[in-house]
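Student: My numbering runs 22 ahead of the 1-based position in the sequence shown.
Can you read through this structure? Questions will come right after.
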Amino acid sequence: MWEKKDGDGKGSGIHHFTSLMGSDKKLLLRTLPDKLPGVIRPETSATVVKLWKDFDELYKILGCQNPTDQQITNYFAKAVEWITFLSLSGKAMGYEKERITPYMHTMVYHMPKFMEVHKGINKFTGQESGTSSRMRENTQKIPKAECVSFWESNIKDTRAKHVRLSGEIVEDVQAPFPFDIYTLTAHQIKDKLKEIGVTTQLRCLKKLKKLLIETMSNKENKLPN
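Written as structure tokens, this is what we have:
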């Protein structure tokens, strides 16, 4: 972690950090939990320390080559139990159910099957010869503060622009039509299609809208000038 400098070469108060790789990550998982008591809130300290240590155990099992059926079973049981960090919801920030990510879902319900089918997951982790050093170099070049700011704020601006652009496109597309296609339900679109002699088995609203637009456009193109 480092503090970004401003134009005068002074500290800006903005900190960047890079992901831990390989042995650094293992070292953190092994040594950090025992350093947490006395640093974090005492009423939640024991639970947080247990979460870190339990995750270290999960990480070690994931790294096994050719795991046995018993190891895979143990992994699933421990992974399910690990999600009980939700018990801290309301007691400490960051442990609400909204914090569960697709990665956590994958860790619990998909990784055991991957371990069973592929005899471990090392082949998917980029740990083959020559890859680790390149991954470390590439990852450490990415300031993670920028990634965090993107997910917290920039993505909202990006999505807002998409909404505005799509709205402009809709106006251009539907301008010649006497009704607002994009407010119609699937049933209403089918009724409109029937009125102009088109029947369809489509149920997808997006495809129905596309069909109605194309049909209406073709109909208008065939009208005599």
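Think of the CB as a built atom: it goes at the ideal place given N, C-alpha and C, for glycine as much as any other residue.
Considering only residues of the same chain and omitting the five flanking positions on each side of Trp24, which have a CB-CB separation below 8 Å?
Tutor: Here residue 24 refers to the residue found at position 2 of the sequence shown. Here the set comprises His37, His38 and Phe39.
Student: What first and last residue would you give for the alpha helix (DSSP H) that runs through Glu120?
Tutor: In the sequence shown, residue 120 corresponds to position 98, counting from 1. Here Glu120 belongs to no alpha helix (DSSP H), and DSSP marks it neither H nor E.
Student: What does a CB cutoff of less than 8 Å around Ile143 pick up in its chain, not counting 5 residues either side in sequence?
Tutor: Here the question's residue 143 lines up with position 121 in the sequence shown. Here the set comprises Leu84, Met133, Phe136 and Met137.
Student: My output table needs one value for Lys48: the three-state DSSP class, helix, strand or coil.
Tutor: The residue you call residue 48 lines up with position 26 of the sequence shown. Reduced to three states, the DSSP call for Lys48 is helix.
Student: Where does Ile211 fall in DSSP's three states?
Tutor: On the sequence shown, residue 211 is found 189 positions in, with the first residue counted as 1. Residue state, collapsed to three classes: helix.
Student: Look at the Cβ atom of Thr69, then the Cβ atom of Leu110, and state whether they are nearer than 7 Å.
Tutor: Sequence index remark: in the sequence shown, residue 69 carries index 47 (1-based). Sequence index remark: in the sequence shown, residue 110 carries index 88 (1-based). Yes, these two residues count as a Cβ contact at 7 Å.
Student: Buried or exposed for Val130, going by 16 or more other Cβ atoms inside 10 Å?
Tutor: Taking the sequence shown and counting its residues from 1, the one referred to as residue 130 is at position 108. Flag for Val130 reads buried.
Student: Can you check the stretch 32-93 for any alpha helix (DSSP H) of at least 4 residues that lies completely inside it and give the ranges in chain order?
Tutor: Counting whole runs of 4 or more residues, the stretch 32-93 contains the alpha helix (DSSP H) stretches 44-53 and 64-84.
Student: With burial defined as no fewer than 16 other Cβ atoms inside 10 Å of the residue's Cβ, what is the status of Glu190: buried or exposed?
Tutor: Sequence index remark: in the sequence shown, residue 190 carries index 168 (1-based). Below a pLDDT of 50, predicted positions are generally treated as unreliable, and Glu190, at 45, falls in that range; the measurement from the model is reported next regardless. Exposed: under 16 other Cβ atoms inside 10 Å.
Student: According to DSSP, is Lys27 part of a helix, a strand, or is it coil?
Tutor: As a first step, residue 27 must be located in the sequence shown, where it is residue number 5. Looking at Lys27 - three-state DSSP - the assignment turns out to be strand.
Student: Grouping DSSP H, G and I as helix and E and B as strand, with all else coil, what is Met115?
Tutor: Counted from its first residue, the sequence shown places residue 115 at position 93. Three-state result, Met115: coil.
Student: For Leu215 and Asn240, I'd like the C-alpha separation in whole angstroms.
Tutor: Indexing the sequence shown from 1 puts residue 215 at position 193. Indexing the sequence shown from 1 puts residue 240 at position 218. Approximately 13 Å, taken between the alpha carbons.
Student: Cα separation between Tyr125 and Gln93?
Tutor: Locating residue 125 in the sequence shown gives position 103, counting from the first residue. Locating residue 93 in the sequence shown gives position 71, counting from the first residue. Answer to the nearest angstrom: the Cα atoms are 21 Å apart.
Student: Evaluate Lys119 with the Cβ neighbour count: other Cβ atoms within 10 Å of its Cβ, from every protein chain shown; 16 or more gives buried, anything less gives exposed.
Tutor: Numbered from 1 along the sequence shown, position 97 holds the residue referred to as residue 119. Label assigned to Lys119: exposed.
Student: Can you tell me whether Leu234 is buried or exposed, with buried defined as 16 or more other CB within 10 angstroms of its CB?
Tutor: Residue 234 sits at position 212 when you count from the first residue of the sequence shown. Looking at its Cβ environment, which holds 16 or more other Cβ atoms inside 10 Å, Leu234 is buried.
Student: Among Ile62, Lys100 and Asp78, which one has its Cα closest to the Cα of Asp46?
Tutor: In the sequence shown, the residue the question calls residue 46 occupies position 24. It is Asp78 whose Cα lies nearest to the Cα of Asp46.
Student: Residues in the same chain with beta-carbon distance under 6 Å from Ser34, minus the five sequence neighbours each way, listed in chain order, please.
Tutor: Within the sequence shown, numbered from 1, the residue matching residue 34 stands at position 12. Closer than 6 Å at Cβ, skipping near neighbours: Lys26 and Asp28.
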